[in-house]
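Sequential numbering from 30 applies to the sequence shown in this note's numbering. Before any comments, here is the structure.
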Amino acid sequence: MEISLGLLYPQTFLLPKLAQKIFSLFSKILILKTPVTLEILDKTLKDTFPFWKEKIEFVFPNLGQKIDSEILKKEIQILEEWGLNFRTPENLKYFTQFKQTLEESLSGIFPKPEPQNKKENFKEWMEIKRALMILILGEKLDFNLYEIEKSLEMLDRKYLEFFEKEILKKEIDSKKLPEIRYIENIYFPSYILYHLKHRVSAWKVLFPYLNLPKNLNTLIITEESLIDKWEEKYKILKTEKIKEDIKFYQISEPLSVLLEANNRDYNFERNSYIVLIKY
């Protein structure tokens, strides 16, 4: 079974494990492109999937001159550095003494509306900017968790190699061995989409600005909770297990309704198709 086209939703980072399953199932996939997407995907996919650019097409919001990508990247960096200041209770307690200074440091990123800004629909512009920031921060979080996971797997392999070479071949008093603590259970797995509600809300804002192909009728998702949410509102016409870890759903509403983008007339098919991939 091969599906011609599908839109990855709501993440913008494609894990290699997920890419392997998607590339074998879809002729082409669409990914929402943020200012950091190309750089991150190239780092992640180029060695394992040198053909990845042939399988992926990018969509991006048609915003005209409203958002400058380079400025947005710098603002994201400021937000990340700003957030690091609050990573401990001690820091939080310290910086709360300088509330006004902190607010002023973010005034460039989140300015207050001025009369001239009202003409440019200031509220709409800020919603778009906030939505892009949410997706970029989510994308960078997904990538960082993937990098951590890779590092842990490498450490695990090195430990096993050391154990086989240096310990199993020698008679060593186990009491003299250093205490080994496994940390696999204390980090955040990369296959979970954190802050899912925020990502979905961001898509709702950006969806009307996306130039999507007219033949698009399929979403690629990894979060089963999205199916549960849609099932409460809409009728699921068909469910089929394609593989052990892949399910196919047909829902009785177009994609614009599922993604709550009802403020624009899309010529999508009446029914939507959802491919749920677990990995």
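Backbone N, C-alpha and C define an ideal beta-carbon position, used for all residues, glycine too. Only a predicted model underlies this, so the values are computations on that prediction, with no experimental measurement involved.
- DSSP places V234 in the helix class (H, G or I) of the three-state scheme.
- Considered as a whole, the stretch 249-291 harbours 253-262, 284-287 as its complete alpha helix (DSSP H) runs of no fewer than 4 residues, in chain order.
- In the same chain as T77, and ignoring 5 residues on each side of it, the C-beta atoms closer than 7 Å to its own belong to P45, in chain order.
- Per the coordinates, the alpha-carbon of T41 lies some 12 Å from the alpha-carbon of I85.
- DSSP places L44 in no beta strand (DSSP E); its state is neither H nor E.
- Under the Cβ criterion (8 Å, minimum of three pairs), the stretch 96-107 counts as touching the stretch 60-76.
- Collapsing the DSSP output to three states places K307 in coil.
- Per DSSP, the beta bridge partners of I32 are F55.
- In this structure, DSSP gives Y302 an extended state, which the three-state scheme calls strand.
- Judged by DSSP secondary structure, F78 falls outside any alpha helix (DSSP H); it is assigned neither H nor E.
- Contact between R228 and I163 holds, since their C-beta atoms are separated by about 6 Å, short of 8 Å.
- For I100, there is no enclosing beta strand (DSSP E); the enclosing alpha helix (DSSP H) covers residues 98-113.
- By a beta-carbon distance limit of 8 Å, L284 contacts N246. Their separation comes to about 7 Å.
- With distances taken between CA atoms, L161 lies nearest to L235 out of E252, L235, K57, K187.
- The way I'd put it, the stretch 118-128 doesn't touch the stretch 261-278; fewer than three beta-carbon pairs between them come closer than 8 Å.
- Within the DSSP secondary-structure output, E86 pairs in a beta bridge with L59.
- Rounded to whole angstroms, the gap between the alpha carbons of I303 and S56 is 16 Å.
- Under the DSSP assignment, K194 falls outside any alpha helix (DSSP H); it carries neither an H nor an E label.
- For T117, the secondary structure class from DSSP, reduced to helix, strand or coil, is coil.
- L222 is a Cβ neighbour of E252, given a cutoff of 8 Å.
- Apart from sequence neighbours up to five positions away, the residues of its chain that approach I249 with a beta-carbon distance below 7 Å are G35, L36, L37, Y38, I51, I58, V304, I306, ordered along the chain.
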